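Trainee:
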Amino acid sequence: MLWMPEALIIHRQKYFDNVTKDWREKFHSLNPFELEEIKKIIAINKFSDAVISAAGSEDVREVLKFYKITRDKI
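Spelled out as structure tokens, the structure:
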């Protein structure tokens, strides 16, 4: 999946039933406007606290938190 966080892609077999499932449910529950916003942020590939807190909705902020997970922290 193009929009999935890198750490979840790398560890998808190990964490499919929990972290990846949570991300997938939250990502797919975003409305079209939220999806447009989050895809622009993901494309820039910068997930600082400032970027996340500036997101337009709490739902987008919740999904963006998954992108802060690094490959070695999962």
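When you read off a place in the sequence shown, starting at 1, and then add 2, the result is the number in the numbering used here.
The beta-carbon is built from N, C-alpha and C at its ideal position, and this holds for glycine as well.
Note that the coordinates shown come from a computational prediction; the quantities given were computed from them, not determined experimentally.
(1) Three or more beta-carbon pairs under 8 Å between the segment 25-44 and the segment 60-69, yes or no?
(2) With 16 as the cutoff for other CB atoms within 10 Å, does Thr-22 come out buried or exposed?
(3) Can you tell which of Lys-41, Phe-35, Asn-33 has the C-alpha that lies nearest to the C-alpha of Pro-7?
(4) Among Asn-33, Asn-47, Pro-34, which residue has its Cα nearest to the Cα of Leu-4?
(5) Work out the CA separation of Asp-51 and Leu-32 for me, nearest whole Å.
(6) So, for Ser-59: in the same chain, excluding its five sequence neighbours on each side, which residues have a beta-carbon less than 7 Å away from its beta-carbon?
Mentor: Let's see:
(1) Counting Cβ pairs under 8 Å, three or more are found: they touch.
(2) With a 10 Å radius around the Cβ and a threshold of 16 neighbouring Cβ atoms, Thr-22 comes out buried.
(3) Closest option to Pro-7, Cα to Cα, is Lys-41.
(4) Cα-wise, what sits closest to Leu-4 is Asn-47.
(5) Distance between the alpha carbons of Leu-32 and Asp-51 is about 20 Å.
(6) The answer, listed in chain order, is Glu-36.
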